[in-house]
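Enquirer: Mind having a look at this structure? Questions to follow.
Residue numbers (mature numbering (1 follows the signal peptide of the UniProt record, and there is no 0)): -21 to -1, 1 to 400.
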């Protein structure tokens, strides 16, 4: 990017970053109340008769268009090389949540409304069954978006219609946002703030499987199967919100990784996991199999990051890479297809720096940037195999919008598959 282009884009990139930050949850807080008591495992019955009808799914499919750059896409997921979804809103209207579905690798898309929620995340367990977590009762307080409730919705028809299952108070004092992980059609794990919920029956009943320690603040989760999962976050009595630095260097706050082997009924704080001081904030955790996993931490003070890896299921962790940026650009997530091949998307934030897509083929020892001018800032990605992957990128020509790009060769060549508005 030339200096002239960078200067021209700076105001728009700032606006785009603020929108991205709201979607990623650092600026989305909730009304505070006492955390749930983990000792009493609760079950939540789904609400029946609340199916919300989206526009007629039989309507003519909308073709992809490289000109459709005014969508603020926030998430992408594919369950195979052809079948996938992307979620977002029209630029400037964060309350009109929509999901697009394709069965032909993005050549054509069908759009459906997801009414009543915003700042949503989603996950599909197969080609038909998906879950979505969205926020409700949102308003502005002191320049920040504050949301009072979250809802879990389920779709059994590939996203054409959504049925609300539960609505709960949203508590997110740590600005950790929400996550949903559908392992298959029946098993799904949801994190809303520090709360973790697990369903074994397609969302008909939900069990609270939160980490019981009141000083625990899980930021991200990774589940390999319905029983084995991990969470990364911070622990301590003086930990600030995600991404923030404690007020004093010796504050009671450390990074932490927890493990469960029974679906969240019990959590163990891993003693050998990185216990970095409070200025380090966890970005993500991902396990590719029962033995191999990665955890990424960023430091707002040094603008650096540290990638740790384990080869024994979390018993021991070793520093794998400390050369990646930790702020401006910001690492968004870990996205590994296997123990060797993975991506780390970089978002520009306020600019005028460049982000991009960092790729590794040696398990994170070294990274290289994908060579495409459109990969200025990556907001989400889904690497479904070592060669097949998708990214949501800030549109360089219209920074208020996003592009959906696809590669079939590991990231050397990219094709625009952005759906039309």
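Heads up, the beta-carbon is just placed ideally off N, CA and C, and yes, glycines get one too.
Secondary structure at residue 291, three-state DSSP: helix, strand or coil?
Expert: On the chain shown, position 312 is the one that residue 291 refers to. Three-state DSSP puts residue 291 in coil, outside helix and strand.
Enquirer: If you count every other CB in all the chains shown that lies within 10 Å of the CB of residue 314, and 16 or more means buried, which is it?
Expert: Taking the chain shown and counting its residues from 1, one reaches residue 314 at position 335. Classification for residue 314: buried.
Enquirer: What would DSSP say about residue 129, mapped onto helix, strand or coil?
Expert: Reading the chain shown from its first residue, position 150 is the one you call residue 129. In the structure shown, residue 129 sits in a strand (DSSP, three-state: E or B).
Enquirer: Consult DSSP for residue 368 and reduce its assignment to one of helix, strand or coil.
Expert: Here residue 368 corresponds to residue number 389 of the chain shown, with the count starting at 1. Here residue 368 sits in strand by DSSP.
Enquirer: Quick check on DSSP: helix, strand or coil for residue 297?
Expert: Your numbering for residue 297 matches position 318 in the chain shown. Three-state result, residue 297: strand.
Enquirer: Give me the residue from 152, 240, 142 with the minimum Cα distance to residue 123.
Expert: Reading the chain shown from its first residue, position 144 is the one you call residue 123. The shortest C-alpha separation from residue 123 is found at 152.
Enquirer: According to the Cβ coordinates, are residue 331 and residue 312 closer than 8 angstroms?
Expert: Counting from one through the chain shown, the residue named residue 331 turns up at place 352. Counting from one through the chain shown, the residue named residue 312 turns up at place 333. No, they are not a contact pair.
Enquirer: Can you tell me whether residue 218 is helix, strand or coil according to DSSP?
Expert: Against the chain shown, residue 218 aligns to sequence position 239. Coil, per DSSP.
Enquirer: What's the call for residue 177, buried or exposed, on a 16-neighbour Cβ count within 10 Å?
Expert: Counting from one through the chain shown, the residue named residue 177 turns up at place 198. Buried: at least 16 other Cβ atoms inside 10 Å.
Enquirer: Rounded to whole angstroms, what's the CA-CA distance from residue 254 to residue 222? Just pull it up for me.
Expert: Numbered from 1 along the chain shown, position 275 holds the residue referred to as residue 254. Numbered from 1 along the chain shown, position 243 holds the residue referred to as residue 222. In a straight line, the C-alpha of residue 254 is about 16 angstroms away from that of residue 222.
Enquirer: Anyone know if the C-beta pair for residue 359 and residue 53 falls short of 8 angstroms?
Expert: The residue you call residue 359 lines up with position 380 of the chain shown. The residue you call residue 53 lines up with position 74 of the chain shown. Yes, these two residues count as a Cβ contact at 8 angstroms.
Enquirer: By Cβ distance below 6 angstroms, which residues in the same chain neighbour residue 363 in space, the five residues on each side in sequence not counted?
Expert: Numbered from its first residue, the chain shown carries residue 363 at position 384. Contacts found: 57.
Enquirer: Kindly identify the DSSP beta-bridge partner or partners of residue 277.
Expert: Against the chain shown, residue 277 aligns to sequence position 298. The partner list for residue 277 (beta bridge, DSSP) reads 260, 284.
Enquirer: Flag this pair as touching only if the segment 149 to 163 and the segment 182 to 191 have three or more C-beta atom pairs under 8 angstroms; answer yes or no.
Expert: No, they do not touch.
Enquirer: Would you give the residue range spanned by the beta strand (DSSP E) that residue 186 belongs to?
Expert: Position 207 of the chain shown, counting from 1, holds the residue named residue 186. It spans 184 to 187 - the beta strand (DSSP E) in which residue 186 sits, taken as one unbroken run.
Enquirer: Which residue marks the beginning of the beta strand (DSSP E) containing residue 175, and which one marks its end?
Expert: Along the chain shown, one-based indexing puts residue 175 at 196. Counting along the chain, the beta strand (DSSP E) containing residue 175 begins and ends at 174 to 178.
Enquirer: DSSP on residue 474, reduced to helix/strand/coil?
Expert: Residue numbering for the chain in the displayed model covers -21 to 400; residue 474 lies beyond these limits and cannot be assessed.
Enquirer: Could you pull out every residue in the same chain whose Cβ sits closer than 7 angstroms to the Cβ of residue 365, ignoring the five residues on either side in sequence?
Expert: Here residue 365 is taken as the residue at index 386 of the chain shown, counted from 1. So the qualifying residues of the chain are 316, 317, 320, 389.
Enquirer: Quick one: using the 10 Å Cβ neighbour count with 16 as the cut-off for buried, is residue 370 buried or exposed?
Expert: Position 391 of the chain shown, counted from the start, is the residue given in the question as residue 370. Buried: at least 16 other Cβ atoms inside 10 Å.
Enquirer: For the ligand ZN, is there any heavy atom lying closer than 7 angstroms to the beta carbon of residue 396?
Expert: The ligand ZN is not among the ligands present in this structure, which contains no ligands whatsoever.
Enquirer: Any idea if residue 378 is buried or exposed, counting beta-carbon neighbours within 10 angstroms, 16 or more meaning buried?
Expert: Locating residue 378 in the chain shown gives position 399, where the first residue counts as 1. The residue in question, residue 378, is buried, as its Cβ has 16 or more Cβ neighbours within 10 Å.
Enquirer: Find out if the Cβ-Cβ distance for the pair residue 197, residue 168 is shorter than 8 angstroms.
Expert: By 1-based counting over the chain shown, the position of residue 197 is 218. By 1-based counting over the chain shown, the position of residue 168 is 189. For residue 197 and residue 168, no; Cβs fall outside 8 angstroms.
Enquirer: Going by DSSP, name the residue or residues bridged to residue 138.
Expert: If you number the chain shown from 1, residue 138 lands on position 159. According to DSSP, which records beta bridges pairwise, residue 138 is partnered with nothing at all.
Enquirer: Give me the Cα-Cα distance between residue 111 and residue 128, rounded to the nearest whole angstrom.
Expert: In the chain shown, counting from the first residue as 1, residue 111 sits at position 132. In the chain shown, counting from the first residue as 1, residue 128 sits at position 149. Each residue's Cα considered, the two are about 14 angstroms apart.
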